[in-house]
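Right, one structure below, let's go through it.
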Amino acid sequence: MEAFVPALVTFFVVVDPIGIAPIFATLTEGASRRHKAIMAVKATVVAAFILFGFAYGGAFLLGAMGITLEAFRAAGGILLFLIALEMVFEKRSERREKRTNDMVEHRGSVEEDISVFPMAIPMMAGPGAIATIMLYMKEAGDAFADQIAVLGAASAVLLICLAIFLAVGPVLRLLGDTVAQTIGRILGVILAALAVQLVFDAVANTFGVAPM
10 MEAFVPALVT FFVVVDPIGI APIFATLTEG ASRRHKAIMA VKATVVAAFI
60 LFGFAYGGAF LLGAMGITLE AFRAAGGILL FLIALEMVFE KRSERREKRT
110 NDMVEHRGSV EEDISVFPMA IPMMAGPGAI ATIMLYMKEA GDAFADQIAV
160 LGAASAVLLI CLAIFLAVGP VLRLLGDTVA QTIGRILGVI LAALAVQLVF
210 DAVANTFGVA PM
């Protein structure tokens, strides 16, 4: 169960429930409370299916392509580091806002189904989250307890997303833009450190030196 805490932190930072809450609020603005609840639940369920699918199908995919754990660990670390840079410099928020504005301009109804795209994919189960669950499940190997810890961490973050979506109005008013931006940057720094550690571990294991 040692894998739970690092997996939970990584998933929380990568998925960024606080950061995607304003997107959900914008895309469901003007819709009924029932529609908002349906979108929140549906997005969470779809994201869970995607992540759990890659959790158990990822190892087969890597094996079929001849990709080693260390190569995937290094690649995952680099990907997460790029996401961290976007969070620290707020490029991720800008990109998400642009995508949201484009969808708002082109949607035909205030009760459009936004659960699968863009909420489940790529907001909740994007490349970073998929790489994260594949990496941690690969490291867990055949250890059932570690597998459950990883899946539990992913599920916990998705449930946090669901809770925030269901109470998105009060949550955003409570946090405010400044607090949300500050939290995002702090989480970005943490993610950057985790990403660098993944690359260090990959290099150390590949060349047979002591882990850094």
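Numbering (the working numbering), first residue to last: 10 to 221. Glycine included, each C-beta is placed from N, C-alpha and C at the ideal position.
- [ ] Pick helix, strand or coil for SER41, following the three-state DSSP scheme.
- [x] coil
Open item on the list: So, with DSSP's three-state summary, where would you put THR141?
Closed with: helix
Task: Rounded Cβ spacing between VAL159 and ILE142 (contact assumed at less than 8 Å) - done: 7 Å
Task: Reference VAL50, options ILE173, GLY137, ALA201, ALA84, closest by Cα - done: ILE173
Open item on the list: Quick check on this structure: which residue in LEU175, ASN214, VAL205 has the alpha carbon closest to the alpha carbon of PRO31?
Closed with: LEU175
Open item on the list: Whole angstroms are fine: how far does the CA of VAL212 sit from the CA of PHE79?
Closed with: Sequence inspection shows Glu at residue 79; the Phe mentioned does not correspond to that position. So the two alpha carbons sit approximately 8 Å from each other.
Task: Cβ neighbour criterion (16 or more within 10 Å) applied to ARG43 - done: exposed
TODO: Return the chain-ordered list of same chain residues with a C-beta closer than 6 Å to the C-beta of LEU171, the five sequence neighbours on each side being excluded.
DONE: ALA49, THR53
Open item on the list: Would PHE13 and ALA201 qualify as a contact pair, given that the criterion is a beta-carbon distance under 7 Å?
Closed with: no
Task: Boundaries of the alpha helix (DSSP H) in which ALA12 is found, first to last residue - done: Neither: ALA12 is in no alpha helix (DSSP H) and is coded neither H nor E.
Open item on the list: Within the continuous alpha helix (DSSP H) that includes VAL166, where are the two ends?
Closed with: 153 to 175
Open item on the list: Report the start-end ranges of each alpha helix (DSSP H) in the segment 69 to 104 that is 4 residues or longer and not cut off at the edges.
Closed with: 78 to 97
TODO: Answer with buried or exposed for ASP155, where buried requires no fewer than 16 other C-beta atoms within 10 angstroms of its C-beta.
DONE: buried
Open item on the list: Is it buried or exposed, THR37, if we count other Cβ atoms within 10 angstroms and call 16 or more buried?
Closed with: buried
Task: N-terminal and C-terminal residue of the alpha helix (DSSP H) that ILE29 is part of - done: 26 to 36
TODO: Label GLU11 either buried or exposed according to how many other C-beta atoms from any shown protein chain fall within 10 Å of its C-beta, with 16 as the threshold for buried.
DONE: exposed
TODO: Please classify GLY137: is it buried, with 16 or more other beta-carbons within 10 angstroms of its beta-carbon, or exposed?
DONE: buried
TODO: Compute the Euclidean distance between the alpha carbons of LEU207 and LEU89, then round it to the nearest angstrom.
DONE: 9 Å
Task: DSSP state of GLY150 mapped onto helix, strand, coil - done: coil
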